[in-house]
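Numbering (the numbering used here), first residue to last: 2 to 205.
C-beta: ideal position from N, C-alpha, C; glycine also.
These notes concern the structure reproduced below.
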């Protein structure tokens with residue numbers, strides 16, 4: 002039987018008839034992208050003036066990208082640095098995920114995890130104080146900090162962090178803020194990024 006009518010709820014019809022909703026969403030995403038572009042420029046300057054980081058780790062240009070369907074919702078991300086060689090990852094992802102979170106994630110695997118593991122372990126207290134989260138299992142590309150693949154560092158010991166780093170193929174350490182903090186996102190991204198750079202530049 003041919004379908005001659007769409008079955009829409011009153012709420013769905015109201016949204017479909019309101020162009021302003023999508024136009025406002027687009028305006029929000031454009032402002033977030035502009036903020037991440039500015040963050041990228043700031044991060045490049047920060048890294049260039051920081052001793053102790055392997056130059057090759059920042060050889061690939063950072064990238065701001067956006068999409069409409071990360072678990073069904075729009076997102077905007079800055080990846081810088083962005084070394085995504087298979088099984089050897091070193092990336093910091095600053096992210097806005099519509100309706101879900103503002104986050105910054107340090108993602109390490111392979112040779113990069115081995116290189117930076119001692120510095121991360123030594124600065125466990127700082128990471129814990131900052132309220133960061135840890136992921137080391139499940140889907141490596143899961144960025145939902147409220148999901149089952151992330152645990153708060155507040156509930157771990159320094160020894161448990163070392164075990165997680167040594168015993169798993171990847172680790173991710175991430176900051177989290179709710180979308181209600183969106184006005185403060187540039188400051189939140191900068192604070193988390195500078196914390197990661199401070200730690201990683203102190204390898205010895």
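Have a look at residue i and residue j and give me their C-alpha separation to the nearest angstrom.
i, j, result
"residue 48", "residue 117", "16 angstroms"
"residue 75", "residue 60", "29 angstroms"
"residue 143", "residue 150", "8 angstroms"
"residue 165", "residue 7", "51 angstroms"
"residue 9", "residue 80", "39 angstroms"
"residue 11", "residue 73", "21 angstroms"
"residue 113", "residue 20", "46 angstroms"
"residue 5", "residue 175", "49 angstroms"
"residue 179", "residue 101", "7 angstroms"
"residue 71", "residue 119", "33 angstroms"
"residue 14", "residue 98", "25 angstroms"
"residue 18", "residue 24", "12 angstroms"
"residue 41", "residue 148", "27 angstroms"
Round the Cβ separation of residue i and residue j to the nearest angstrom and send it over; I've been treating them as touching at under 8 angstroms.
i, j, result
"residue 32", "residue 67", "Not quite, the Cβ-Cβ distance comes to about 12 angstroms (not below 8 angstroms), so this is no contact."
"residue 177", "residue 134", "6 angstroms"
"residue 169", "residue 138", "6 angstroms"
"residue 173", "residue 107", "7 angstroms"
"residue 88", "residue 58", "Incorrect: roughly 16 angstroms between the Cβ atoms, too far for contact."
"residue 36", "residue 193", "Their Cβ separation, rounded to whole angstroms, is 14 angstroms, which puts residue 36 and residue 193 out of contact at 8 angstroms."
Can you look up residue i in the DSSP assignment and give me helix, strand or coil?
i, result
"residue 107", "strand"
"residue 184", "helix"
"residue 69", "strand"
"residue 173", "strand"
"residue 6", "coil"
"residue 115", "helix"
"residue 102", "strand"
"residue 206", "The shown model of the chain, from 2 to 205, leaves out residue 206, and the question about it has no answer."
"residue 192", "helix"
Give me whichever residues DSSP pairs with residue i in a beta bridge.
i, result
"residue 152", "135"
"residue 84", "91"
"residue 74", "71"
"residue 79", "65 and 95"
"residue 165", "Residue 165 pairs with nothing; no bridge assigned."
Ignore the nearest five residues each way along the sequence and tell me which others in residue i's own chain have a CB closer than 6 angstroms to its CB.
i, result
"residue 39", "none"
"residue 69", "75"
Once the 5 residues before and after residue i are set aside, which same chain residues still bring their CB inside 7 angstroms of it?
i, result
"residue 30", "67, 75 and 77"
"residue 197", "93 and 107"
"residue 182", "103 and 189"
"residue 16", "22"
"residue 163", "122"
"residue 43", "191"
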